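In this text, residue positions in the sequence shown follow my numbering: the first is 167, and each later residue adds one.
Each residue gets a CB set at the ideal place from its N, CA and C atoms; glycine is no exception.
Remember, it's a predicted structure, so these values are computed and weren't measured experimentally.
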Amino acid sequence: MTEAFIHSHSHSQKLIHSFIHILLFKSPISGFSSLLTCFESFRIIVMNALAATSRNFRNAARILGLDSKLERSLLIPFREIKVECTIPKDDGSLVSYVGFRVQHDNARGPMKGGIRYHPEVDPDEVNALAQLMTWKTAVADIPYGGAKGGIGCSPKELSNSELERLTRVFTQKIHDLIGIHTDIPAPDMGTNAQTMAWILDEYSKFHGHSPAVVTGKPIDLGGSLGREAATGRGVVYATEALLAEHGQAIRDLTFVIQGFGNVGSWAARLIHERGGKVIAVSDITGAVKNADGIDIHKLLAHKDKTGSLKDFDGGDSMEPSELLAHECDVLIPCALGGVLKRENAADVKAKFIIEAANHPTDPEADEILSKRGVTILPDIYANSGGVTVSYFEWVQVKKLMTVIFLIP
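Encoded structure:
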């Protein structure tokens, strides 16, 4: 049985390697454009997420002429976990939440993926995002598989102590299914370095001190200095590579950025520092525009002070709903998925779309935009900087642990 498992595991690893190799190198179109052509089939959306993932994967499989066994093996997740997390609230009442962890594939290494806290978390979305992580880690060429987790809750409605209790209960329910060489969580929407610290602490109660069990943790617990900026920085590097294929550069273009959280703010800052003109920005608090370019450092200071983009004196306010249709060269969605739809795709004026968010473009919008000649840089390439630096953090902590264990 063990021999059969090893053979199956090795075969799966070869299949994924073969698939990604075909995806990246066997397209008849050369250069960066070959990535774009192949990745067009991987458009994944929030609504009916799992069905969309499977459908688009099958489309890609047909285009690439993949063996049916490979296709089936890459669609079926390794494990799906659903747990109930009941916690006492600060007022003494009890409340229950449902948590999920989907482990998609471990053929290339430990499974890797974030944990998100959001009211719309559901099994289909988590399953789709776990599959997405398998492709993302393969494209980034790091030895991980894919996983994803989440809890259906609204973190803004919970106190810090309630979030801690929820995180610890969730960890208690899944601790024996994650691990340094098994499945390594990281922050995602609604979670952060503090969340990872709680997971690490709770996990260590069962398994001993294990700083490599999560990434994206605080620096003093073994986190990476570059992790916070990694996804946004990767978005900018990916943008530079795409623009170079078209003989253009960031300094010559205008940018509109939807979302000014961790990813969007870092992308905006780095684009601004490279001479690019960020002419409009939005988040859940509002939107601001300036045709001459927004002073991003000044905007960051304003948001740090007020917690909002409203009343920023370095630009004019605008309706957030108008942002995606704002005139620009490059549009970068950094917020939720599914924001580019059939209803608004025809209004997009950008020549390039950089998918910093996960699956921001739904299939119908994708088709409309492609027919109009808009170039879309897919999420599994554009936002892979975060998981890449997570890998660096994981390796660094593992090496430190080895050194500590070797010292008598």
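Beta-ladder partner(s) of residue i, from DSSP
i	result
D271	G312
Q424	S448 and P499
R245	Q269
P351	G279
E250	V264
M484	A453
K443	T420
F518	V496 and T541
G345	D349
C-alpha gap between residue i and residue j, whole angstroms
i	j	result
M577	E394	Absent from the structure is residue 577, since the part of the chain shown begins at 167 and ends at 574.
L465	N510	27 Å
H492	A446	8 Å
I229	N428	36 Å
G265	C319	9 Å
T361	I450	22 Å
F478	T472	10 Å
S193	K314	Here S193 scores only 39 on pLDDT, less than 50, and its place in the model is too uncertain to base an answer on.
R274	A304	8 Å
D545	P351	19 Å
G430	I498	8 Å
T575	A548	The structure shown has nothing for residue 575, since the chain only spans 167 to 574.
E411	V402	14 Å
E488	T300	34 Å
K383	T357	11 Å
W432	R399	7 Å
A121	P289	As displayed, the chain neither begins before 167 nor continues past 574, which places residue 121 out of reach and without an answer.
V561	K278	13 Å
Cβ neighbour criterion (16 or more within 10 Å) applied to residue i
i	result
E527	The sequence given here has Thr at residue 527, not Glu. Under this definition T527 is a buried residue.
V268	buried
R440	exposed
S174	Caution is warranted here: a pLDDT of 37 is assigned to S174, below 50, making its placement in the model unreliable, and no coordinate value can be reported.
L566	exposed
R282	buried
K248	exposed
A512	exposed
D532	buried
K302	buried
Sequence-distant residues of its chain with Cβ nearer than 6 Å to residue i (five each side left out)
i	result
A501	Q424, G425 and A523
F191	With a pLDDT of 40 at F191, under the threshold of 50, the modelled position of this residue cannot be trusted, and the question is left open.
H468	F478
Among the options, the one whose alpha carbon lies nearest that of residue i
i	options	result
R508	I519, C494, A359 and L535	L535
S556	S234, Y310 and E246	Y310
A215	N293, K383 and H284	N293
F244	A433, Y263, R238 and H270	H270
L436	E411, L298 and T397	T397
F223	I498, T337, P529 and E406	P529
K564	H375, S262 and R238	H375
E250	I385, I317, A227 and F421	I317
G392	V422, E559 and Q338	E559
D349	I542, T381 and S234	T381
L240	Y263, D386, A296 and V287	A296
E368	K339, D386 and P384	K339
I542	D495, V261 and D290	D495
E330	P285, T252, L490 and D386	T252
I385	L506, H347 and A363	A363
I242	G258, G231, S220 and D256	S220
Residues of its chain near residue i, where Cβ-Cβ distance is below 8 Å and the 5 sequence neighbours each way are ignored
i	result
H373	H341, G345 and V379
G452	S474, L475, K476, S483 and P486
Neighbourhood of residue i by C-beta distance below 7 Å, restricted to the same chain and skipping five residues each side
i	result
A306	S550, V553 and T554
G417	In the sequence under discussion, the amino acid at residue 417 is Arg, which differs from the Gly named in the question. Cβ within range, chain order: R440, G441 and G442.
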